[in-house]
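For the sequence shown, position 151 (counting from the first letter as 1) is numbered 151 according to the UniProt record's numbering, and the numbering increases by one without interruption.
One structure is given here, and the rest of the page talks about it.
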Amino acid sequence: RRPQALQLRRQRKEAVLAEKRSLGSRDGPPHLVVLVPLHSRAAAHDPLRLLQSQDSAVVHVGEGRARGFALLCPRLKQRWRFVTAQAGDLHAVLDLAKVADSLLFILDPTDGWDSAGEHCLSCLFAQGLPSYALAVPGCTDLPPKKRIDAKKKLTKAIEKRFPEAKLFPLNTEQESSLLLRHLATQKQRHLAFRDRRAHLLAYAAEFVPGQESDLVGTLKVSGFVQGQTLDVNSLVHIVGHGDFQMSQVDAPPDPLSLNPRVVKGQKRSQDMEVQDGSVNGTDEMEEDVKVLMKADPSKQESLQSEVVPDPMEGEQTWPTEEELQEAEDCLKANRRVVKVPKGTSKYQAAWIVDDGEEGSEKDDDEYDNIDDDMMEEAVSQEGESSEEEEEPADEECETMTIPESLRDDQYDEKVEEDEQMLERYKQERMDEMFPDEVDTPRDVPARVRFQKYRGLKSFRTSPWDPKENLPRDYARIFQFQDFSRTRKNLFRQIEKDEMEGALVGWYVTLHVCNVPVSVMESFKEGKPLVLFSLLPHEQKMSVLNFLVRRHPSNSDPVKAKEELIFHCGFRRFRASPLFSQHTSADKHKLERFLRLDAALVVTVYAPITFPPASVLLFKQRSNGMHDLIATGSLLSVDPDRIVIKRLVLSGHPFKIFTKMAVVRYMFFNREDVMWFKPVELRTKWGRRGHIKEPLGTHGHMKCHFDGQLKSQDTVLLKLYKRVFPKWTYDPHVPEPVPWVRSESTLPVQEVEME
1 RRPQALQLRR QRKEAVLAEK RSLGSRDGPP HLVVLVPLHS RAAAHDPLRL LQSQDSAVVH
61 VGEGRARGFA LLCPRLKQRW RFVTAQAGDL HAVLDLAKVA DSLLFILDPT DGWDSAGEHC
121 LSCLFAQGLP SYALAVPGCT DLPPKKRIDA KKKLTKAIEK RFPEAKLFPL NTEQESSLLL
181 RHLATQKQRH LAFRDRRAHL LAYAAEFVPG QESDLVGTLK VSGFVQGQTL DVNSLVHIVG
241 HGDFQMSQVD APPDPLSLNP RVVKGQKRSQ DMEVQDGSVN GTDEMEEDVK VLMKADPSKQ
301 ESLQSEVVPD PMEGEQTWPT EEELQEAEDC LKANRRVVKV PKGTSKYQAA WIVDDGEEGS
361 EKDDDEYDNI DDDMMEEAVS QEGESSEEEE EPADEECETM TIPESLRDDQ YDEKVEEDEQ
421 MLERYKQERM DEMFPDEVDT PRDVPARVRF QKYRGLKSFR TSPWDPKENL PRDYARIFQF
481 QDFSRTRKNL FRQIEKDEME GALVGWYVTL HVCNVPVSVM ESFKEGKPLV LFSLLPHEQK
541 MSVLNFLVRR HPSNSDPVKA KEELIFHCGF RRFRASPLFS QHTSADKHKL ERFLRLDAAL
601 VVTVYAPITF PPASVLLFKQ RSNGMHDLIA TGSLLSVDPD RIVIKRLVLS GHPFKIFTKM
661 AVVRYMFFNR EDVMWFKPVE LRTKWGRRGH IKEPLGTHGH MKCHFDGQLK SQDTVLLKLY
721 KRVFPKWTYD PHVPEPVPWV RSESTLPVQE VEME
């Protein structure tokens, strides 16, 4: 066993070293470094200029307008690709961080980062942070006496965000060389959702309009394959635009080759072509392009995301003779002989109890007869007083008239939004003080208003069939027979590397079919074009459950079924989720608001994604800005997860006896009392009981409890109903308005998603 353990350890060490050496080498993809300015004064132009002036033997290949450049070092056998994230564009920063090998944060020498940088860091930590480095340009601009104090202040500020990070000053070429060496030799941090999928950042792109319309065509995307082997028969997801099929994969010449002869002969032409491709959207297609593979229609993944339901699928067929005989035998086996009066029907006879059951209730009946006279007297007194009172339930409420203060016209525009926010705060406060309690309606009978609800003996142990009364939307989704087993088998195939296609590090051109022209327009505007290959079934719709926790930077009330923006792994979409408690039981109680003090499960209709995957929840303001409200991870893909909505009807004891009480204000007519008679009652002080009978016609009822009630106690009746999320999935997310910057913020301690 000892040699076997040593051998396994040696193999893992060699695999880590091989991965580290391949990154940025001749056979691997270029080391992708994304520059992220975290302050309005921390521009990326000076660091880029210093990194470009490294050595006379270094070859620079431009990438168009301010988008970045490539750095080739044949002497060191290393190549880098530097891309600058646009300041204030949150989607661009998050998309580039999904595929970046390293992030280079540009800090301000005095303040470090501002409020927009704080918001950007919060999103990056929640999504998952790859390897990173901290650079501080512009230290020489400070007076010599203030440099030491500024460095101490900045070092203290970054300890909470980056406990083990080291600051790299970036003022001279020697310091930029040290930074490059650190980026090349530091340990690479892995993100699970991208390591199991092939992905690439577009180096160049070309759009070929289709024959039928100029708005849809074939998009030729060129870039370096990373992560896993890319199969032409699989689907690709263009981040922010949707899922598409590929027709073929080409292998053009590598524009960032470390071979000096290739660079010397093609350097000038390639520079012009890549710049034109970045600006005008044309690819550097060469005459000697090789076709690696073409899609096989029999093996290609389908774009079908929903099931087309058959309305006749659930129709009842006429039973066979065997089924009729089996039902007749079952009825004979369940028959019992009971003495009944003449003229009693079979239905009436089924409700007649046996002698044993009747005897068990004699004691209760005798006990009930003792207090009947006192009960009738109490009801008669209450009936006389109730005629004189109008809506006694409203006596406990208080109404307030809020005077309007004098405001200017510009401030009045926000009054309506403030009133809506105030109403949400009131609802959230009432839900915290009286969870799930509702008032019984006076205009509609309770048996009609709550006809979809049921009572449970125990919320934890009572059975509930997950296939019962499913909505029509469940006919459109897919469900796994065993999701965990499917996921395990799929990941095992990926680890064995059984797929065929373009290997990691190859420079390829993907022919993506039926792509709208808006994708090419966004690429021309300077936004990154990121592609991820999909695993099997990841284009199909199902019910996804996310485990999230509120972000400390936001405390606004968020109600269930409000539209939120989700960043799940490599996807972005809008949906209206449900919130429920995270427990180990088979039923989970619905939460009406996203709570601040506990982790909750968010349930939505969305495309299948295999965990692990991080999730970020944003809420869009009226001015277009996106607020980060919660972060977490993907919990499961399970349509059978039961989310139960609870309603609590409350009543007040009017007359209290030893174990009896007359309860009022829970119902307001006799029929409702009879309808809810089988449901068990509970009190806020822990008593349990049940309804014996109604008294009068105003909803009063005689109840029996397991102990004497207190006068200040409240009687509760709990009803339950299963709820489902709304089908509001929308893969198109609007671009957020840039965050309003302030000079400095206090750092917040957060948990980083691995």
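Cβ atoms here follow ideal geometry from the backbone N, Cα and C, with glycine treated the same way.
- By a beta-carbon distance limit of 8 Å, residue 697 does not contact residue 652. Their separation comes to about 19 Å.
- If you draw a straight line from the Cα of residue 628 to the Cα of residue 557, it comes to about 13 Å.
- Secondary structure at residue 582: coil, using DSSP grouped into helix, strand and coil.
- The residues 476 and 541, in chain order, have a CB closer than 6 Å to that of residue 306 in the same chain once the five nearest residues on each side in sequence are set aside.
- When DSSP assignments are scanned along the region 629–681, the uninterrupted stretches of alpha helix (DSSP H) that are 4 or more residues long and fall wholly within it turn out to be 670–675.
- Residue range 483–496 is occupied by the alpha helix (DSSP H) that includes residue 489.
- In the structure shown, the three-state DSSP call for residue 237 is strand.
- Here residue 543 is not near residue 461, since their CB atoms are 9 Å or more apart.
- When the Cα atoms are used, residue 204 and residue 96 turn out to be separated by approximately 15 Å.
- Look at the beta carbons and you see the region 219–233 touching the region 509–520: at least three pairs across the two are nearer than 8 Å.
- Out of 444, 709, 576 and 43, the CA that lies nearest to the CA of residue 730 is found in 576.
- Apart from sequence neighbours up to five positions away, the residues of its chain that approach residue 565 with a beta-carbon distance below 6 Å are 574, 618 and 733, ordered along the chain.
- For residue 480, the closest alpha carbon among the candidates 609, 620, 581 and 177 is that of 609.
- In this structure, the alpha-carbon of residue 670 lies about 11 Å from that of residue 664.
- Contact between residue 229 and residue 501 holds: CB atoms are separated by about 5 Å, below the 8 Å threshold.
- For residue 141, there is no enclosing beta strand (DSSP E), as DSSP marks it with neither H nor E.
- Residue 84 counts as buried, since at least 16 other C-beta atoms from the protein chains shown sit within 10 angstroms of its C-beta.
- Here residue 255 is buried, its C-beta having at least 16 other C-beta atoms within 10 Å.
- Judged by DSSP in its simplified three-state form, residue 423 adopts helix.
- Contact check for residue 656 against residue 710 passes: the beta carbons are separated by less than 9 Å.
- Burial check for residue 308: the Cβ neighbour count within 10 Å stays below 16, so the residue is exposed.
- The region 438–454 and the region 666–684 touch, with no fewer than 3 CB-CB distances between them shorter than 8 Å.
- With three or more CB-CB distances shorter than 8 Å, the region 231–238 counts as touching the region 524–535.
- Boundaries of the beta strand (DSSP E) around residue 509: 507–516.
- About 5 Å separates the beta carbons of residue 189 and residue 131, which is inside the 8 Å limit, making them a contact pair.
- Apart from the 5 residues on each side of it in sequence, residue 658 sits with its Cβ closer than 8 Å to the Cβ of 708 in its chain, given in chain order.
- DSSP places residue 722 inside the beta strand (DSSP E), whose first and last residues are 715–722.
- Here the alpha carbons of residue 135 and residue 183 stand approximately 11 Å from one another.
- Here the alpha carbon of residue 450 sits roughly 20 Å from the alpha carbon of residue 561.
- With a contact defined as Cβ atoms closer than 8 Å, residue 632 and residue 579 miss out at about 12 Å.
- By a beta-carbon distance limit of 8 Å, residue 103 contacts residue 34. Their separation comes to about 5 Å.
- The beta carbon of residue 424 sits closer than 7 Å to those of 557 and 559, all from its chain and outside the five residues before and after it, given in chain order.
- Around the CB of residue 518, fewer than 16 other CB atoms lie within 10 Å, so the residue is classed as exposed.
- Shown here for residue 672: same chain residues with a beta carbon closer than 7 Å to its own, the five before and five after excluded, namely 445, 446, 447 and 699 in chain order.
- Residue environment: residue 484 is assigned as exposed (fewer than 16 neighbouring CB atoms within 10 Å of its CB, all protein chains considered).
- Counting along the chain, residue 593 sits inside no alpha helix (DSSP H), nor does DSSP assign it H or E at all.
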